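Peer 1:
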Amino acid sequence: MAKVTKDTLIGELLQIDIDKVAPLLLGIGMHCLGCPSSQGESLEEACMVHGVDVNELVDKINEAIGEK
Numbered sequence: 001m002a003k004v005t006k007d008t009l010i011g012e013l014l015q016i017d018i019d020k021v022a023p024l025l026l027g028i029g030m031h032c033l034g035c036p037s038s039q040g041e042s043l044e045e046a047c048m049v050h051g052v053d054v055n056e057l058v059d060k061i062n063e064a065i066g067e068k
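So that you can map any letter, position 46 of the sequence shown is 46 in full-length UniProt numbering, and since no number is skipped, the others follow by simple counting.
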């Protein structure tokens, strides 16, 4: 499995491991995961909208899915 980057799309991210990724995103206020427009949005774009440090989130996601 490839590591998640700031350029990974939200739709792709959820396909990697929704059970581990969705709680992380919901926990920082990204409640529109099922929204059609969010599926084509990069993790970096979503983080800008939600005021989240993308690098910290990428690290947390990769740790959660076992890609350190």
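Ideal placement from N, C-alpha and C gives every residue a C-beta, glycine not left out.
Bear in mind the structure is a predicted one, so any value in this text is a computation, not a measurement.
#1: Tell me the rounded alpha-carbon separation between ILE61 and LEU43.
#2: Could you pull out every unbroken alpha helix (DSSP H) segment of at least 4 residues lying fully inside the UniProt domain "DUF1858" (5-58), listed in chain order?
#3: Are ILE10 and ALA64 close, meaning C-beta to C-beta below 8 Å?
#4: So is VAL21 buried or exposed if we call it buried at 16+ other beta carbons inside 10 Å?
Peer 2: Straight from the coordinates:
#1: 11 Å
#2: 10-27, 36-39, 43-50
#3: no
#4: buried
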